Amino acid sequence: MPRGERSVNPFLYLDRATPVHDLDPRCKLLVLAEICVLLLLFPHPLALLPTLIGLGVIVGITRSLPSLRRLLPLLAILGGFSFTLWAVYAGGAHPLVWRVSRESLLYGLGVALKLDGMIVAGVLLLATTRNEELTRALVRLGLPYRLGFAFSVALRLVPTLIGVGATVVEAQRARGLDPLRGDPLARLRKGIPLLAPILLTTLRNANQLAMAMEARGFGAPGRTSLVELTWRRGDSAVAITASLLTLGGMLARRLGFGEIPGLPGP
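Written out as structure tokens, the structure reads:
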């Protein structure tokens, strides 16, 4: 295996022996949806803390920090952009500077936390669930198999591109060209020639995948699955607990909890 692929693991999944890894993927999909609902319910950032703390606990249980660490720049950029945008345009009854108000700062912080929290929740799902298990869960939930397979291939595409890119960079370094050195403009200029081998390798892999699918009778009737899902008592307990917490959050929101006083309505 090339040194570039050995030094960087492009896949988010982490093989760990944890209770979350052992959950049925359908249960994890349900919990993911309910986490997103809880994050979207409340505008005030303080009202989001229980859900965010819960996410932090799950990160600790699953030991999935290595997968999240690679996304920290993305989380910082998206969170910072959302915070700045809504802090300027949300308005409020107590202006501070220019169009920024106390209410808009709180709302912007809440939006940033919601966005980053949902990304973290999605990464946790991918870090604790194999692609095959996730695809099987989607099919068992009613998604057509072809769409489920396309979803699985899409999940593999980004890590594959990262691995191919790392291999190409190592090959360029072996020839005396380091695309990752220099100022940003120089790195961008050096990176353009890398697109051709990455694109050609991706097309070749796609052609090989198509031939492998045909050789294995993709789309033929009587299809079997290597992965079989089993719903256990632990899955029921987690699903019921998450559903009760979501219902409690919806009730609290209906009673006015988590609002930002002075924030203009939609």
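In our numbering, each number is its position in the sequence shown, counted from 1, plus 812. For each residue, glycine too, the CB sits at the ideal point set by N, CA and C. Since this is a predicted model, take the numbers as computed values, not measurements.
Query raised in the report: Which of helix, strand or coil does DSSP assign to Ser1055?
Result: By one-based count along the sequence shown, residue 1055 stands at place 243. Helix.
Query - Nearest-angstrom beta carbon gap, Thr874 and Leu936 [assumed within contact, 8 Å] - result: Here residue 936 refers to the residue found at position 124 when the sequence shown is read from its first residue. Here residue 874 refers to the residue found at position 62 when the sequence shown is read from its first residue. The pair is a contact, with the Cβ atoms about 6 Å apart (cut-off 8 Å).
Query raised in the report: Taking Ile1072 as the reference, which of Gly934, Ala859 and Asn1019 has the closest Cα?
Result: In the sequence shown, the residue the question calls residue 1072 occupies position 260. Of the candidates Gly934, Ala859 and Asn1019, the one whose C-alpha sits nearest the C-alpha of Ile1072 is Ala859.
Report task. Hey, could you find the ends of the alpha helix (DSSP H) Leu835 is sitting in? Result -> Sequence index remark: in the sequence shown, residue 835 carries index 23 (1-based). Leu835 -> no alpha helix (DSSP H), and no H or E assigned at all.
Query raised in the report: Taking just the CA atoms, how far does Arg828 sit from Ala986?
Result: Here residue 986 refers to the residue found at position 174 of the sequence shown. Here residue 828 refers to the residue found at position 16 of the sequence shown. Cα to Cα, Ala986 sits roughly 35 Å from Arg828.
Requested in this report: For Leu946, name the three-state secondary structure that DSSP assigns.
Outcome: As a working note, residue 946 is residue 134 in the sequence shown. The answer is helix: DSSP assigns Leu946 an H, G or I state.
**Report entry** Spatial neighbours of Val849 in its chain, beta-carbon cut-off 7 Å, leaving aside the 5 residues before and after
**Finding:** Position 37 of the sequence shown, counting from 1, holds the residue named residue 849. Taken in chain order, the residues that qualify are Thr1058.
Requested in this report: From the DSSP output, read off the bridge partner residues of Ser913.
Outcome: Position 101 of the sequence shown holds residue 913. According to DSSP, Ser913 bridges with Pro907.
Query raised in the report: Using the C-alpha atoms, what's the distance from Ala1018 back to Ala949?
Result: The count along the sequence shown starts at 1 and reaches residue 949 at position 137. The count along the sequence shown starts at 1 and reaches residue 1018 at position 206. In a straight line, the C-alpha of Ala949 is about 24 Å away from that of Ala1018.
Query raised in the report: Are Arg1065 and Arg952 touching if we call contact CB-CB under 9 Å?
Result: Position 253 of the sequence shown holds residue 1065. Position 140 of the sequence shown holds residue 952. Taking 9 Å as the Cβ cut-off, Arg1065 and Arg952 do not qualify as a contacting pair.
Query raised in the report: Taking the alpha helix (DSSP H) that Arg1028 falls in, what are its first and last residues?
Result: Taking the first residue of the sequence shown as 1, we reach residue 1028 at position 216. Counting along the chain, Arg1028 falls outside any alpha helix (DSSP H), and DSSP gives it neither H nor E.
Query raised in the report: In angstroms, rounded to a whole number, what distance separates the CA positions of Phe963 and Leu908?
Result: As a first step, residue 963 is located in the sequence shown; it is residue number 151 there, counting from the start. As a first step, residue 908 is located in the sequence shown; it is residue number 96 there, counting from the start. If you take the alpha carbons of Phe963 and Leu908, they lie about 46 Å apart.
Query raised in the report: In three-state terms, what does DSSP make of Thr1042?
Result: Looking up residue 1042 in the sequence shown gives position 230. In the structure shown, Thr1042 sits in coil (DSSP, three-state: anything other than H, G, I, E or B).
Requested in this report: Measure the Cβ-Cβ separation of Leu844 and Gly934 and say whether it is below 9 Å.
Outcome: Translated into positions along the sequence shown, residue 844 becomes position 32. Translated into positions along the sequence shown, residue 934 becomes position 122. In contact: Leu844 and Gly934 (Cβ atoms closer than 9 Å).
Report task. Could you give the DSSP three-state label for Ala895: helix, strand or coil? Result -> Along the sequence shown, read from residue 1 onward, the residue named residue 895 stands at position 83. Looking at the sequence itself, residue 895 is Phe, so the reference to Ala does not match. Correct three-state label for Phe895: helix.
Query raised in the report: Going straight from the alpha carbon of Leu1063 to that of Leu851, what length do you get?
Result: To locate residue 1063, count along the sequence shown from 1; it is residue 251. To locate residue 851, count along the sequence shown from 1; it is residue 39. In a straight line, the C-alpha of Leu1063 is about 14 Å away from that of Leu851.
Query raised in the report: Can Gly922 and Ser913 be called in contact, C-beta distance under 9 Å?
Result: What you label residue 922 is simply residue 110 of the sequence shown in a count that begins at 1. What you label residue 913 is simply residue 101 of the sequence shown in a count that begins at 1. No, these two residues do not count as a Cβ contact at 9 Å.
Query - Buried versus exposed, by CB contacts within 10 Å (16 or more), Ser1037 - result: Here residue 1037 refers to the residue found at position 225 when the sequence shown is read from its first residue. By the 10 Å Cβ count, Ser1037 comes out exposed.
Requested in this report: Could you tell me which of Lys1002, Asn943, Ser879 and Arg958 sits nearest to Pro1033, measuring between CA atoms?
Outcome: As a working note, residue 1033 is residue 221 in the sequence shown. Ranking Lys1002, Asn943, Ser879 and Arg958 by Cα distance to Pro1033 puts Arg958 first.
Query raised in the report: What's the C-alpha gap between Thr1053 and Leu867?
Result: Here residue 1053 corresponds to residue number 241 of the sequence shown, with the count starting at 1. Here residue 867 corresponds to residue number 55 of the sequence shown, with the count starting at 1. Roughly 15 Å separates the two Cα atoms.
Query - 8 Å CB neighbourhood of Trp1043 in its chain, flanking five on each side removed - result: Numbered from 1 along the sequence shown, position 231 holds the residue referred to as residue 1043. These residues qualify, in order along the chain: Asp836, Arg838 and Cys839.
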